[in-house]
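Student: Per the working numbering, the sequence shown starts with residue 1, numbered consecutively. The beta-carbon is built from N, C-alpha and C at its ideal position, and this holds for glycine as well.
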Amino acid sequence: MTRTASRKPRRPAADLPDVAPKKLPTQSRAVETYERILATAAELLGEVGIERLSTNLVCRRLGLSPPALYQYFPNKYAILHELGQRLMQRQNELLGPWATPATMALPEAEFAASVAEVFLQTLRVTQEMPGGAWITRALRAVPSLQEVRNQSHDQMTELLMQVFHAAHPAAEPVRARLSVRLYIDALYTALELLFDDPSQPAEAVAATMADMVAGHFVRVRAT
Numbered sequence: 001m002t003r004t005a006s007r008k009p010r011r012p013a014a015d016l017p018d019v020a021p022k023k024l025p026t027q028s029r030a031v032e033t034y035e036r037i038l039a040t041a042a043e044l045l046g047e048v049g050i051e052r053l054s055t056n057l058v059c060r061r062l063g064l065s066p067p068a069l070y071q072y073f074p075n076k077y078a079i080l081h082e083l084g085q086r087l088m089q090r091q092n093e094l095l096g097p098w099a100t101p102a103t104m105a106l107p108e109a110e111f112a113a114s115v116a117e118v119f120l121q122t123l124r125v126t127q128e129m130p131g132g133a134w135i136t137r138a139l140r141a142v143p144s145l146q147e148v149r150n151q152s153h154d155q156m157t158e159l160l161m162q163v164f165h166a167a168h169p170a171a172e173p174v175r176a177r178l179s180v181r182l183y184i185d186a187l188y189t190a191l192e193l194l195f196d197d198p199s200q201p202a203e204a205v206a207a208t209m210a211d212m213v214a215g216h217f218v219r220v221r222a223t
């Protein structure tokens, strides 16, 4: 996800921890430290989860003093915020080659198959990122991080609406926009299910969700 202007907060700012980095590194050594903090936090997140992750734990693993970490991140939520943005960006980059007017015009079965493939690609990208499953959970569960996911889903909605409108200019735009946003949220919920319950077969989940989306999608584009 590319970074965009913040939307109106869904909760009063006073209720939420500060998630903005204190400063961004410019020198090569500072950049290295910044990236090591993020990599170590992601690694620890996969080991201990959201609740037990702390800046002190990151510092101990890195052999870094707390003041050195606090130059960049005021708390663990700021670290998670940056990791969340990076994960959303990697996921959203998968949509570029897929989100075309030609895709939006596919017959239902072919469109469903393409949705299932993008879903499975997103799953793999998330699994490959250190701490990816826990970052996904954090974006859902931690109020100060939910805006990362909301903004990402808004951005995906805008991208998909552009190509949808190019393929189906006569379709009713309000219904289409609501439907696209619901598709995104439903598919993301299915992704979370696979992390919360690994016994579920990924291919079957992908196919089921894709069939549901495609079945509704063909009705939306016909309106």
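Compute the Euclidean distance between the alpha carbons of T223 and V174, then round it to the nearest angstrom.
Tutor: 11 Å
Student: Apart from the five residues just before and just after L106, which ones in its own chain have a Cβ nearer than 7 Å to its Cβ?
Tutor: The residues are S114.
Student: From this set, L178, H153, A20, which residue's C-alpha is nearest N75's C-alpha?
Tutor: A20
Student: Assuming V142 contacts Q85 under a Cβ cut-off of 8 Å, what Cβ separation, rounded to an integer in Å, is found between them?
Tutor: Their Cβ separation, rounded to whole angstroms, is 14 Å, which puts V142 and Q85 out of contact at 8 Å.
Student: Quick check: the Cα distance between R61 and A78, rounded to an integer number of angstroms?
Tutor: Cα to Cα, the separation comes out at about 18 Å.
Student: Compute the Euclidean distance between the alpha carbons of V205 and T126, then round it to the nearest angstrom.
Tutor: 16 Å
Student: Just mark E108 as buried or exposed, buried being the case when its beta carbon has 16 or more other beta carbons within 10 Å.
Tutor: exposed
Student: Give the single residue among H153, A116, A167, P198 whose Cα lies nearest to the Cα of A207.
Tutor: A116
Student: Identify whether D185 lies in helix, strand or coil by the three-state DSSP scheme.
Tutor: helix
Student: Taking 8 Å as the threshold, find out whether the region 153-167 comes into contact with the region 178-196 through three or more Cβ pairs.
Tutor: Yes, the region 153-167 is in contact with the region 178-196.
Student: By Cβ distance, which residues of its chain are closer than 6 Å to V213, with the 5 residues on each side in sequence left out?
Tutor: V115, Y183
Student: Can you find the residues in the same chain that come closer than 8 Å, C-beta to C-beta, to Q200, ignoring five residues on each side of it along the sequence?
Tutor: L193, L194
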